[in-house]
Structure formats: structure tokens, C-alpha cells
Amino acid sequence: MPQIDTESTGKEYWRSLDDLADTPEFQRFVAKEFPQLTPELVSTTSRRSFLKIMGASFALAGMAGATGCIRWPEEKIVPFAKRPADTVLGRPVMYATSMELGGVAQPVLAASMDGRPIKIEGNPEHPQSMGAATSYAQASVLDLYDPDRSRSILLEGQPVDGGWQNADFVAFLQSVRAAGSRVAVLAEASSSPSFARLRAKTGAARWYEYEPLSDDNERMGLQGAFGKPLRPQYSFDKAKVIVSFDGDFLLSHPASLRYSRDFAKGRVATGGAMNRLHVVEATHSLTGTNADHRYPVTASKIPATLGRLAIELNKLDSSLGLGPVAQIAAGCANEGPAAMADVAKDLLANRGESIVLAGPAQPAAVHALAHFINSALGNSKANGPVGYAETGDDVARPSHVDAIRQLVADLASGAVDTVMILGGNPVYNSPADVDLAAALQGKATLHLGYHVDETSQACRWHVPRAHYLEAWGDARSYDGTYTVSQPLILPMTYDRAKTPTEILSVLFEDKARSAEEIVKETFTAGGASDDAWQKVLHDGFAANTSWRIVHPRPTNGWTGGLASLVPSAGSGTHDVIFTQDYKVHDGRFANNGWLQELPDPVTKITWDNAALMGLATAKAMGVNSMDMIEVTVAGQTLELPAYVLPGIAQGTIAIALGYGRSTEAHPAGDPVFRRPAGLVSYNAQVVERLKVATGTGFNGYLIRTADSMNKGSARAAVAAGSGTYRIATTQDHHLIELEADVSFGDKKEDFSSPGEEIQRRQTDILARGTLAKFLEDPQHFVSSVKKRSDMPWDHHGHDDHSHDGHGDEHGHGGHGDGHGGHGGHGDEQNLSLWEEHEYKGHRWGMSIDLSTCTGCSACVVACQAENNIGVVGKDEVYRGREMHWIRIDRYFSGDVETPEVAHQPMNCQQCENAPCESVCPVAATVHSEEGLNDMVYNRCIGTRYCSNNCPFKVRRFNYFNNHRVVDDQQNLLSDQREFEKVAASGEFVGSEAMVYNSDVTIRHRGVMEKCTYCVQRIQNAKIDAKNEGRQLKDGDVVPACAQTCPTDAIVFGDLSDKNSRVAKFQHDNRAYKLLPEINVKPRNSYQAKLKNPMEQG
Amino acid sequence: MADNDQAVPAQRELIFPPWVDQLFRIASAGGAFMGAYVVLLVTFGASPRNIAVGYMPEQPVPYSHRLHVGELGLDCRYCHTNAEVGAKAGVPPTSTCMNCHTKVRPDSDKLAPLKESYEKGTPMEWVKVHDLGDYAYFNHSAHVRRGVGCATCHGRIDTMEEVFQDQPLSMGWCLDCHRNPEPNVRPLDKITDMTYQPNAEEGREVLRQLRGWTPENRERKIR
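Just so you know, the sequences run in chain order A and B.
Just remember that the working numbering sits 23 ahead of the position in the first sequence, which is counted from 1.
Just remember that the working numbering sits 8 ahead of the position in the second sequence, which is counted from 1.
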């Protein structure tokens, strides 16, 4: 790790600790235009052998040319035998469906192109989505085509003949029915009413429910406080002050889409008011990066910090009724940061309009106390920001931790000898001190799963599970709305894949029924008509079926757990917490290339997890980022690399779950698979390896004990290990940096050091300030927060002065009433070397609001899915060759232990005077008549001059053929013999190619690519409008990133239309454009980030 | 060493004999001719006008457009239903064929693949005749609904026993029309008319009406 002297570097903004310390390595990395071209990084092939290979290739190319230039390969047209009615070829049909994730329905629209599901979008009508979709949901379509999915019914690893009709299998299923109370069903959390209905038919079978990441602690806490199972429902749009104790409601929460949208409403200073977010947390969550005040507190002291808040509140106003609580929690009086007194003041000043919430990892007592405080402050009164949904959950259901413990105990005692594991991967993700694999040994077991995974290997039978895009189902969204899912495609498996609901029907009903029948029966049982059912299928949900919101007051007798808030001095040196991963969740998406390659929104790590720690912790241990360390909890040791992330509380180590899926990446003997020896003989050829997940990261479940799941953290002994591990992070990639030796007119700038100038420019790239400052003088806010406010370019209107054919562009009111604080000088322009472009039609533009952008990265995945962007793998990311067209730049600023964070989405700015266009020797990037910088892929010869000349570093080069899967598939289809061979082997080749969007060209090796503003969507919308004989309306064209943005931070439209949303945003008081001094005139504008910290003193 | 020194004539310069000049001229002329020949050969020989036009692959069923369109008078859109609404015109599903052929010549050997497809539900595999580059974004509806007739690009389908490519479908050919659409567009009720001859006069009138639709069409070029 770099030596960092935070006093002397004086950097205000930094992307990483290397940046802050300005190490020579970092300077070299940035100085190179193409760090990814460093010869030693590129290849071990010597120049001589390269020439030899090339010579041979040319010879072959010549021969191919002789035959190949006659005509390109023959293609087939394969129409439907019977085309479904009302289909328009080449246009996706949208189906409203839903993905159940951890027992909560995520409502989505799935686009089906000629029968292939190709893209997942949010369901605009559903109150929990409003058109947005999470990264998880959007990437889930790739899981459908995962070539590693299991496709057959397996007995001890071998496919059985006849599949569902196999005599042994049928006999096994019958024996399950006969086994009565000796049968255990281990299910994932589910809110499916159909599943619940069939559960009632399971008779004497015992039921266990387990999720490695659940809100059970919250459920238990509220059950204690209110005496019945309730689920909190927050209205962030009604809250002025939000205090979160480790609650990541902006991303990992099941209702994060709704919560983000509501939260963002309070971040744009409408009417001069903004909400204020205080976050107390140990790790650095995405919610923490968006906080106005963030208090890093080591994990074990977060409960005590809430106790202290209660004490401070009681001190300020004893009429709140917090006296008894303060007494019980008196031991917390000096725990946590002293700033809790300020937080208490802030809360009291906003009684009835504030929210105190706790994260799902926090122990039950914390949740109970948080809601007691809400009640005391009047936040949970009717129409207040805090309400509670009556879920009607089973009060008696044990927590997930208790359930899995109970199952192992019952297996050990012999009370249970037959186990049906319906989904999930509990052998991998059960608590470290619960040895499920050993308990399953020798029992009659069945596992329903997407992959042959750790759990399958511990079970006798394996049945392929149907993906949600292949199956009928129903579930409730976070607010309880009845949401259905419907299949878009038949299961892509040899033996019919089934859902847990269907398995229950097979096992426990007299006649196995299809899920469609079961789900429809569930819905129509209440007397609903067939028309109503059709409407539900169309909408994806039944309106007004959310749970009733109630506003109870806590009952007495809940305070029992409060004494536990005070941290007890446990063994160990550090607190370890286990977090939900922003990419692979609990590990279920580990085999998904899109998610693995997505840079983590906070750490920017791809393809791995690591032991995250703060700078002080790392210094004390004497380790650097990427050094291996050993973390020991309850006698189990996990070796993994350290990664220093500014802002993580001192003494805390955070490990994201869901990685470490292979024995290969770990030393021999490491019980990653925990496969019981001698039980199951899996044929190596049949056990489909998880090709993507293999070798990524380290398995945190190995040291995650049941106790730490209840408490939210564990005490661990941490020691430096041996060796290092290479982590591919994108945090320093594509840094916007310019040589600083410039002077402008007669205003000479004395740049004492380039670094200083870069820092000054950074305030231009990322303009931000406080609400108070904004309200002082909204019109000149942007220029006032820029350090270089007095530069010549600021005196000109910075709007792109196109010579509009209608002449109405010039001097339209905008200049007079404040262009982001730039004083109006009418038509005066910067002198430009370029001729101005003329526009007669549309002028597309985008506006990104940095105040509402939370950095969640859903846009990155949306872009990847929409534009067929390749996955390059960890090694290539390490070389800086990731292909994402939109990236989220994350900047730290301020103190290295308590930094502030800002996120800035960066895509092609579609410059008016585009530097890329003027250097292309073959005119492969040209200006369109609507202002886009078009890429003409088949002209591109790969000089990369354009990327060299791009000030925003948004161009991406295909160093390799990232779409080999398409070639594989085409080769296979053109070679009949090979095709038959592969078909006979049962291998799935090229199934991922089905996910490609056929409206977007696949880019081959050697071609530059970049954001197109989703030009295919623009063209489709234009053609549709013309065919209908109407004008394009504002909102007809929505790029994939803007469509999925949970906070609506990205707005796109026609700048020629003065009434369009984007035109208004671009002339907003907070609007500014990047790098005005180089006069490239970007089409993107940004809106300055506002923060709302408390007044000092 | 001494012997060798004597063997080499001292300081004698190499002088080309005069006929080398002549050879050089001939070789230069020949080289220039060959260069031009290769350029011309590639330019014209490999142009879509010569390579693509006339391409007539064998189809699994010898479907005759001449019979169905020319003699029986089926409208293009009876089968290619998608042309007016989508990017692709669409080859009809087997079921469209069988609307008639369950009654008309149901036992013909030539129709056997069709029958099999219909009964088993397996698709027919037709060979693509008009094959644009994968990088080309072409939308049928945008053309068909703005006065570009079927015959303009596909030729006199009604006279083709087997379908062949009639026009080069090259980029230059596209641009010829996009830069000068008047002589190539026709009234919207003549779109599928195989015998209509587009002319600049009527084309201008069609464009005048269509351009009222959107502001982008006010300029001369059609995007």
C-alpha cells in the first residue's frame, strides 16, 4: 500500500489510495494512453513467432479470399411452421413477469425477440418497480442461457434413462410420499401463495426454511416490539431526516427500487428543501456513499450507537418516553460517535418526519429499539413516513438460522431420513458451524437446483430447476402486491425442469399438475373471473393487493434484549461482517458473467471479493491491498486478500458473500465444496463446472457462524498471511486527465504542478456543493463551486450553439435566466477551430443528475444487455480492457478515514466538436445529422487514435473477439457433421448467443466501440412515429440506461424541442458541461451534486 | 589475396547498357497496365452488381412466384405480412402455404417437405436470397410505407420462376435512391403493383405529401 501522508498531498478528490498518494506506479499508469498495451501485459508470444503466425494467416487468408470473395456464406431463413397470432417479426414482445429473490417478487418486463427472452426491464406500472430494474434482475436473463446449467435428472451424478419416467426415480418419489413425518422439506424463503397452498398438502412432512441472507432479525425484532409479524414500509419521500444504522436501503434492500425513487425526490432541492441522510455503518455501503453525514463505527458497536442515540434523545426531551430505554441501555452512553447528540437534535427538529432504520444484519433488539424510537418521535403515526405491513406471516416460524440447525439436529437424531432440498445451495451457504453436508450423508436426498453445485454433490438425486423465464409462478412484492410470473420459453433442459411448486405437486398431490394450473387456481379461488386473470397476466400483478399498512405502537415487554446492545468484550481482535454482494447476491448469480464483470459500485472490484478494511486497520496490521491475510472465526480460518477501502470503520473487516466456488482456486484440502468423501461418485464429465464462478473470490461462508448471523458481526483473530493475490479493480481506469500546460488569452495561469491543476479541474468535472450554498445564489451556484470560476470560457454561453435551421436556437431565453450560472452574453461564442454543425431535425442530448444518482450501476448492466457488450474476464479487466460503454466514476474526497464519496456516470458525451472524429483516418467515426458521434464499425481499422484523443476516455477497443460464442454457434450450424456430434454429446454450445439483441451489431476484434445513445432505439422510435404519421413526442426515445435508472437521474431527449425534459434540465441552475476549456461541446450535461449537511454549531 | 585484387577491375563503374532504358519503359508500362487491370478487375469483378445480381440458390420447395403472383395474382402482403409493420418482411409460416395446399394439390411430391413441416411443426429452411451485411440496418416498413415499391428492390418477382436477386443492394445503390428519391417512389396504393413504372413527376407529388409528416423530411435527403 502506498505511503499516504494525508496532510501534504492535499488532494481534494481521489479515486483510489494510489491516486491520493500519487505513487510513481499510479502516475505511470495514468500517463500511458493505453496502459493495456504494455508489452509484458499483452502476450508472451515473441515478435518473431508472431510474424511467423501472421505469415501463415495471410497465406490462409489468400486462399480463403480466392473462394470467399464470390459471395458470403449462405444463410437460411427459418420461419415458424405456425406463427403465433399478432406477432410482428423482429420486434420484441414484452411480457410482464417477475423474479422471486429471497422471497420477494421483483416485478419485471421481459422482452421476447422471436421467442427468445433477450432483455429484462422494470415493470413501469408496478409500484415496486416504476420501470426500473435492479442489476440482479437485468442480468438474470443471462442465467437462462447459462451453458453450465444442469439439464438432466441425475442419480449420484449420472443421468438416468427416461428422466421423469425412470423407474427408480418414480419409486423414490413414491417412497417420499410414504415416509410421512420422516420427510424434511428444506425450502428457500418464498412469498408465493401457490407454494404456500401446496405446502398445506404436505401432510406430516417437516418444513424448514433457510436463506443465508434474510430479514429474519428484523422480523424477530418487530415481532418482539409489536407482538405480531409486521414488515416496515418506509416512505422516504415523506422524510426530512433519515438515520440508517447499517441499513443499505438504496441497493441491497429488496425494495431498493422504490426506496431509491422516493429518496431521490428529496435530493433535488425542490422548493428549497432537501432530506438529510445520516448513516452509521461499519463497512462502506452504497447508502453510506450517499449520506450527508456518515459515521464509521466498528460493527460490534453499531447496536450500542443506537442505544446512545436513544440516550441522547432522552437527554434532549425526556417527554419522549425513552427514559426506561435509556436506563437499560445506560452502558451505551459513551459508545459510538459523540455526533449522535447532533443526530438526536436533527431528529427532534423533524419529529414525525424522520425515519430511524436498521439493516437486516443487525440483531433483533436493534430493530425493536429503532422502531420504538420511530414511535416515540411520531414517525410511525398515520400518514407518517414509517408504516407497517401486516404480512400475515406465521408467528411460529423459527428463524432461518434456527431452522437449519434444527434440520441438522433432526437428521442426526434420525427423526428425519428423507430430505427434499427445493432450490438454493445450503451446503455451500449454511452457517460454518452447521455441517449440513455431513448430516445429509447416507440419507435419501433430492436437490432441485439450477446447477450441479455443492448441494447436488451431497445429495443422491438432482433435478434441474426451471428458471423464472421458463415457468409459471406467483409471489408477493415487498409491499405485498400479488405478482405473477409467466414463461417466455420452454425449459432449456433435457428432462423437464420444474419449479419448487411443481415438485411439491409431484410429491404430494395425487396427480401432478402444471404450475400454470396451480397458479391460476390460486388466483381464481377467490372468485376472480377469467378476465381478471387475463388482466393480471397482462399487467404482471393484481392492483391493490398490497398488504394493509398499520401504525401500531410498540407493546410493553419488548425491552428484554436491550441489555445486549452493549458490546461485550469477546475474543479476537477485529469485527468481521459478512455482506450481501452487490453482484452475486448470496452466490446465486456467481456464474453470471455480466454481474461478475460489473465493477462493484463502491469498491470497483470485479470478479472477486476481498477482506475490505480501512486504512488504519491495514496500517496496524502492516498489510497492503492484495496481500493475503488470515481471518479466524471460531476456529475456522479463511485466507483471502486484503483490500483497503477508505471509510471502513477501524477494527472492522467486511467480506462479501457468494464467492469461492471452486476447489481449484484454493489449496488442496480446503473444504470449499465440503463434499462428504465416499458418498457420491460424480462423473467428472457430468458434473458441469461453473465455468464463470470457478476461481472467483473467497468463500466467506466458511467462517460465518450461526451466532454471527444473529448478531450481525463476529469477533475474529486476524493475521497477515503469506503471498499476494491479484484483484482486478477498475477504480483507476479511464481517468480523465489532461496535460496542464495551457494558457488562455491574456489570462496566464501559473500551474505550479500538474497535479494541482488536475485537482482544480476535478471541481469542474464533478461540481458539487451544499444546499445552503445553492440557496444563497442558485443562478451562480455552479460557477461558485468550481475552483476555476474566473476562466474565460465561463463568460460565454456554454450551450452548444448549433445553427438551427429555424433560427430559434439563438438567444432563446435560457441565456438571460441563468445557464448554470454562466452569465449570458447572447450569441458570443468561444472561438472554435471547427465549423459548427447545422441541425434541421432532432438534436439528441442527455442530462445526468449527480444529486440523485446513487451509483447503483443498474445502468451499466442495462447497457450491457441492450448493446451486446462483451465480457472480457478478469485478466483483461486487470489490463484495463473492460468494455462497458457507461462507467460510474467514483471519487473520494476529504479525510481518508471518513471520506465523502461522489458517483458520476460517464458515457460518450457525443461532443459537437468531437476530438475523436477529427483524428480518424478512415472516417469510421462521423457526426450524424442528429448530433451523434456515429461509429461505422466496418470502416474501423483499429488505429485507436480516437480513443487516444478522447478527453473522457469512453471509447472501448475490442482487443479480442469477445463474441466467440456467436462464431461457435454459426460454425456449428454450418457444419452438419460437427452439429450432429455435439448434439449427440448433449453439450450445449453457444446457448448464450441467444441473449443477443438482434438490433445491435456484434463488434469483432480490432474494432472500436462506444455509447451510441442507443441509436437503435432512436431509429425504431422514429420509424414507428413516421409509420403512424405523427411527430416524435418527448419520452418516445429512452436509452437503456435512462430506462432502468431507479432514481430517474438520467434524462434523454431532443434538445431541439425546447419543451423536452432534457432541454429544461440542460438549462437548469445546476447544469454544467464537462471540460468547457477544450471547447468540445458535449451533448451530455450534468447537474451539480447537492449535499445537505447540518449547519455547523 | 593478391590474386583476387588483380581479378577485380580497378574502379570500374557499373554502367547499364542503353537497351535497359527500353526495357524499363516497357516494364513500367506493363506494370502500370497490370496494376490498372487488377484494380479494374477487383472493382468491377467483385462489385455487388456482378457478384450478387442474379444470385439464385436452390430452394427446398420449388415455389414459383411467377405462378402465384403473376398468374394467380396473390398480393405480396398475403404472405409477407410483416413488410408494412416491421423491419423484416418475413417469409410466411408453413401454415400460410397450407391455407390453400390442404385443398390444392395436397399430394404433390414437390410439396412433401411443406407437408412434413406442417404436420411435425418443424420449420422450413429457405435459403436467403437478399442478404444484406449484418452491419446494415434496413427496415421494410420505413420504405414500404413511404412509397418504395416491392419491385424497386426485388424486381419483377411476378415473372420469376425461382427468385433471384435483381438489384445489387450495395451501399452505393442505396445512396443513389436516398440522394434522389423522386424517380423511384410511387403512390402508396401502387406499392405491390409489379407493373407500375415509377416516374419523377408522380414521385415528387408522393414525396410532397409524405414530407408533411415530419420535420426531418423537409430537407431533400431522405434519412
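Glycine included, every Cβ here is placed at the ideal spot set by N, Cα and C.
- Under the 10 Å beta carbon count, Phe52 of chain B is surrounded by fewer than 16 other beta carbons and is classified as exposed.
- In the DSSP secondary-structure assignment, Pro255 of chain A is bridged to A:Tyr411.
- His186 of chain B sits exposed, since fewer than 16 C-beta atoms from the chains shown fall within 10 Å of its C-beta.
- In chain order, Asn90, Val93, Gly94 make up the part of chain B whose C-beta sits under 7 angstroms from the C-beta of Val111 of chain A.
- Counting the other Cβ atoms within 10 Å of the Cβ of Arg611 of chain A gives 16 or more, which makes it buried.
- For Arg216 of chain B and Glu861 of chain A, the gap between their C-alpha atoms comes out near 23 angstroms.
- As DSSP reads the structure, Tyr914 of chain A sits in a beta bridge with A:Ala925.
- Residue contact check for Glu859 of chain A against chain B: no CB pair falls below 8 angstroms.
- In terms of Cα proximity to Ala679 of chain A, the closest of A:Ala462, A:Tyr1095, A:Asp991, A:Asn632 is A:Asn632.
- Non-local C-beta neighbours of Val116 of chain A in its own chain, meaning closer than 6 angstroms and more than five positions away in sequence, comprise Ser135, ordered along the chain.
- In the pairwise beta carbon analysis, the region 950–961 of chain A is classified as not touching the region 879–893 of chain A: fewer than three pairs are separated by under 8 angstroms.
- Thr441 of chain A and Ala108 of chain A do not touch by the CB rule: their CB atoms are close to 47 angstroms apart, not below 8 angstroms.
- A residue is called buried once 16 or more other Cβ atoms fall within 10 Å of its Cβ, and Ser436 of chain A, having fewer, is exposed.
- By the rule that beta-carbons nearer than 8 angstroms mark a contact, Trp134 of chain B touches chain A.
- The three-state reading of DSSP puts Ala737 of chain A in strand, counting E and B together.
- A:Arg222 is the residue among A:Gly549, A:Gly720, A:Arg222 whose C-alpha sits nearest the C-alpha of Leu530 of chain A.
- Taking CB atoms only, Lys1056 of chain A has no neighbour in chain B less than 8 angstroms away.
- Ser736 of chain A is positioned such that its CB atom lies closer than 8 angstroms to that of Ile600 of chain A.
- In the structure shown, Asn890 of chain A falls within a coil segment according to DSSP collapsed to helix, strand and coil.
- In the DSSP assignment, Tyr501 of chain A forms no beta bridge with any residue.
- Restricting attention to A:Asn733, A:Asn891, A:Glu1051, the CA atom closest to the CA of Ala384 of chain A is found in A:Asn733.
- Contact check between the region 512–529 of chain A and the region 180–187 of chain A: three or more CB pairs, one atom from each, fall below 8 angstroms, which counts as touching.
- Spatial neighbours of Asp239 of chain A in its own chain (CB-CB distance under 6 angstroms, excluding positions within 5 residues in sequence) are listed in chain order as Ser422, His423.
- In this structure, Leu434 of chain A and Ala462 of chain A form a Cβ contact; the two beta carbons are roughly 4 angstroms apart against a cut-off of 8 angstroms.
- The C-beta of Thr1024 of chain A comes closer than 8 angstroms to at least one C-beta of chain B.
- Against chain B, a Cβ distance below 7 angstroms from Gln181 of chain A picks out nothing, because the smallest value is about 31 angstroms.
- A Cβ-Cβ contact shorter than 8 angstroms links Trp570 of chain A with Gly503 of chain A.
- Listed along chain A, the residues sitting closer than 7 angstroms to Asn147 of chain B by beta-carbon distance are Ile1046.
- Here Arg284 of chain A carries a helix assignment [DSSP, helix/strand/coil].
- A straight line joining the alpha-carbon of Tyr901 of chain A with that of Pro622 of chain A spans about 12 angstroms.
- For the C-beta of Asp201 of chain B, not a single chain A residue is nearer than 7 angstroms; the gap to the nearest is close to 20 angstroms.
- For His907 of chain A, the secondary structure class from DSSP, reduced to helix, strand or coil, is coil.
- If you look at Trp230 of chain A, you'll find it in the beta strand (DSSP E) that goes 229–232.
- For chain A, none of the residues of the region 20–52 of chain B brings a beta carbon within less than 8 angstroms of one of its beta carbons.
- Closest by C-alpha distance to Gly1076 of chain A, out of A:Leu1097, A:His394, A:Asn1102, A:Ala1044, is A:Ala1044.
- The alpha-carbon separation between Val942 of chain A and Asn972 of chain A amounts to approximately 8 angstroms.
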